[in-house]
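In our numbering, the protein residues as written are 2 to 163. Glycine included, C-beta positions come from ideal geometry on N, C-alpha and C. Note that the coordinates shown come from a computational prediction; the quantities given were computed from them, not determined experimentally.
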């Protein structure tokens, strides 16, 4: 079992790219770029109005990954941050086409992680940071970086509500 959403994303990236012949000199950049783009789209979305519901829908499997704006954002991030810098020719659209596949496999990963009987903000934050069940506060033990920023912004927007 993966310990965090980052691990889950990278497992899905590895699985989705296993049959794609990525040149060895750019393979790490491509795999890392796919993972970073997907995680970036999730963390950027959660900080926008209505973003929590979008992320919740995607990660609980109640919304379609193919038509999700989160998937579209991940694709745009991957194209602009990775593919535009590499000369991959006909391989570029193949790699970009993997984003909806990877996002689709993330559906259903979000469960009630804090033991309160529902999927809420605490569960999203626990999934993003690597989930430890039964934590009482979404902000307890959070590190810095994107998750820390997202949590800080969400706390301000939601006024500390779950």
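{"Asked": "Exposure of residue 13, with buried meaning 16 or more beta-carbon neighbours within 10 Å", "Found": "buried"}
{"Asked": "7 Å Cβ shell around residue 82 - same chain, five flanking residues per side excluded", "Found": "34 and 38"}
{"Asked": "Cβ-based neighbour list, residue 15, same chain, cut-off 6 Å, excluding 5 preceding and 5 following", "Found": "none"}
{"Asked": "Proximity below 9 Å, CB of residue 87 to CB of residue 93", "Found": "yes"}
{"Asked": "Assigned exposure category for residue 64 - 16 Cβ within 10 Å defines buried", "Found": "buried"}
{"Asked": "Spatial distance of residue 49 from residue 102 (CA atoms)", "Found": "24 Å"}
{"Asked": "Proximal residues to residue 23 (C-beta, below 6 Å), its chain only, five neighbours per side dropped", "Found": "31"}
{"Asked": "Classification of residue 123 by the beta-carbon crowding that lies within 10 angstroms, buried from 16 upward", "Found": "buried"}
{"Asked": "Residue 56 beta carbon less than 9 Å from that of residue 46", "Found": "yes"}
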